[in-house]
Amino acid sequence: MEVALYALAFFVCSVKAASLFPGDSANILGNVDGPRSGGSWDITTGHGGHDPVVRPTLFEGDIVGIIEAGDSESAIVNRLTKSGLTSHTRRWPEGIVIYELSSALSTSERSMLLAAFNEFNITDTVRFHPRSTQSDYVLIKKNEPGCFATIGKVGGVQYVNLASDCWTHGIIIHELMHTIGFYHEQARTDRDAYVELNLNNVSPAQRHNFQKYDASQVTPGGTAYDFDSITHYGPTEFAVNTSSWSLRAKAPNQIRPIGQRVRLSITDIREINTMYPNSVCAILYKDDGQTGPHLRFLKNTEATFDAEWFDSFSSARVTKACTLTIYSQAGLQGAWQWYRASTSEAYNWSFVGYSYDNFARSMKCVCP
Numbered sequence: 171m172e173v174a175l176y177a178l179a180f181f182v183c184s185v186k187a188a189s190l191f192p193g194d195s196a197n198i199l200g201n202v203d204g205p206r207s208g209g210s211w212d213i214t215t216g217h218g219g220h221d222p223v224v225r226p227t228l229f230e231g232d233i234v235g236i237i238e239a240g241d242s243e244s245a246i247v248n249r250l251t252k253s254g255l256t257s258h259t260r261r262w263p264e265g266i267v268i269y270e271l272s273s274a275l276s277t278s279e280r281s282m283l284l285a286a287f288n289e290f291n292i293t294d295t296v297r298f299h300p301r302s303t304q305s306d307y308v309l310i311k312k313n314e315p316g317c318f319a320t321i322g323k324v325g326g327v328q329y330v331n332l333a334s335d336c337w338t339h340g341i342i343i344h345e346l347m348h349t350i351g352f353y354h355e356q357a358r359t360d361r362d363a364y365v366e367l368n369l370n371n372v373s374p375a376q377r378h379n380f381q382k383y384d385a386s387q388v389t390p391g392g393t394a395y396d397f398d399s400i401t402h403y404g405p406t407e408f409a410v411n412t413s414s415w416s417l418r419a420k421a422p423n424q425i426r427p428i429g430q431r432v433r434l435s436i437t438d439i440r441e442i443n444t445m446y447p448n449s450v451c452a453i454l455y456k457d458d459g460q461t462g463p464h465l466r467f468l469k470n471t472e473a474t475f476d477a478e479w480f481d482s483f484s485s486a487r488v489t490k491a492c493t494l495t496i497y498s499q500a501g502l503q504g505a506w507q508w509y510r511a512s513t514s515e516a517y518n519w520s521f522v523g524y525s526y527d528n529f530a531r532s533m534k535c536v537c538p
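Per our numbering, the sequence shown starts with residue 171, numbered consecutively.
Set out below in structure tokens:
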């Protein structure tokens, strides 16, 4: 960690205004691994003994764009080779997901969606921004039966549907995971080393929902198999006899709970960060606690702030190996202060009590 303060004039470089993302919140969750607490971890609790995200007419229960009218089993399986989270074209640029809310949503439903969006702020990059004029966006609605979404960015308008049984925090997060590009955890290439199937308890017409993908389609991002992923099936998904299992952990862990609809797990977060590598160089916050209004800057960015942000920053977070420099005048001029994070971890600085608290009017951020 190195800090230096100098007065020096610099050449005025071009501003990359597109690299500024105002208005993100930065709520940080507690530990999401460990004991199962903070809500019911039984997927079917409060839903009449069934999982609301499982609808037999949709692929894997809640994914649209895979099954088409009149499909045979082989056609469904063949179509799986055409989409997957390994495809960069299905990822949201810079991790920014553009959304629009249906006018039919209530105030409480809108609040629940904002809480779900905020949960993704614990990841390095993925953020949800309201639509202005963008042509590629997610319309979140509730006018059809079931909870469903497409996988990744499709192009044009795409949908997340949340019917009346879908309005829990965990189910909303589950569907948004599909939207950013994730299939279900138990479809991983390596799943047979961790779970076993009881297809005798699954209708032949529904067995395609237990396909696994090869490495050309999906990637676990170097993470361990996650029984507690918010995208993992529960033990009775698509079961003919729901008093018995269709999917369970392999011995000696056969009685361990699998799947949950509470919140992102630690491994979910790691997989998101792998899929959407951090393109953010630094974040400047108006408050010392790093929970309020702030601006995010992409790597290798120079910018002069809009007047509303002049002299307003009290803390900063700098991505590992990156260097943030703030200036007391527009155009990278005036007194300047720089912050360099180590090569091993990001670093947080508070400006409170220092001469450079609330003095920044421009900045540059550089990463190797």
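Even glycine gets a Cβ: it sits at the ideal position worked out from N, Cα and C.
No experiment lies behind these values; they were computed from the predicted model shown.
Out of the options, which one is the CA nearest neighbour of residue i?
i	options	result
Gln499	Tyr526, Ala511 and Ser512	Tyr526
Ile496	Leu454, Trp337, Ile400 and Pro422	Leu454
Phe480	Gln430, Met533 and Pro405	Met533
Tyr517	Gln503, Ala452, Ser484 and Tyr524	Ala452
Pro447	Arg431, Cys336, Leu468 and Ala486	Leu468
Ala486	Asn470, Gly462, Gln503 and Leu502	Gly462
Gln424	Gly404, Val410, Ser334 and Thr471	Gly404
Gly459	Val522, Ile310, Arg466 and Trp337	Val522
Gly316	Tyr307, Asp306 and Trp337	Trp337
Ala357	Asn371, Asp335, Tyr395 and Val267	Tyr395
Tyr524	Gln507, Ser514 and Ala511	Gln507
Glu270	Leu465, Ser334 and Tyr307	Tyr307
Cys535	Ser514, Ser272, Arg466 and Thr513	Arg466
Lys456	Glu515, Arg431 and Arg531	Arg531
Val276	Ser334, Thr359 and Ala511	Just to set this straight, residue 276 is Ser in the shown sequence, not Val. Measuring from the Cα of Ser276, the nearest candidate turns out to be Ser334.
Glu314	Arg301, Ser272 and Ser305	Ser272
Ser305	Arg431, Val267 and Ala274	Val267
Measure the CB-CB distance between residue i and residue j and report whether it falls below 9 Å.
i	j	result
Asn127	Glu407	Residue 127 lies beyond the range of the chain shown here (171 to 538); nothing can be said about it.
Glu279	Leu332	yes
Glu113	Lys312	With the chain covering 171 to 538 only, the question about residue 113 has no answer from this structure.
Tyr364	Tyr383	no
Thr349	Gln328	yes
Ser435	Asp398	yes
Phe298	Ile442	no
Arg433	Gly351	no
Thr412	Thr444	no
Ser449	Thr295	yes
Ser416	Leu369	yes
Leu283	Ile310	yes
Thr401	Asp438	yes
Gly265	Thr293	yes
Identify the residues that DSSP records as bridge partners of residue i: which are they?
i	result
Gly519	Note that residue 519 is Trp in the sequence shown here, rather than Gly. Ala486.
Ile268	His299
Thr471	Cys535
Gln503	Gln499
Lys311	Asn331
Arg280	Answer by DSSP bridge pairing: none, since Arg280 is not bridged.
Ile453	Arg466 and Arg487
Val365	Ala419
Ala409	Val372
Assuming the contact rule is C-beta atoms closer than 8 Å, residue i and residue j should be a hit. Round their C-beta distance to whole Å, please.
i	j	result
Leu537	Ala491	Checking the sequence, you will find Cys at residue 537 rather than Leu. The pair is a contact, with the Cβ atoms about 6 Å apart (cut-off 8 Å).
Tyr509	Thr493	7 Å
Asn528	Phe483	7 Å
Ile343	Ala286	5 Å
Arg440	Ile428	The Cβ separation is near 19 Å, so there is no contact.
Leu502	Glu472	6 Å
Does the distance between the C-beta of residue i and the nearest non-hydrogen atom of the ligand MG fall short of 8 Å?
i	result
Phe318	The ligand MG is absent from the structure shown, which contains no ligands of any kind.
Margin query: For the pair the stretch 316-334 and the stretch 256-276, tell me if three or more CB-CB distances fall below 8 Å.
Written below: yes
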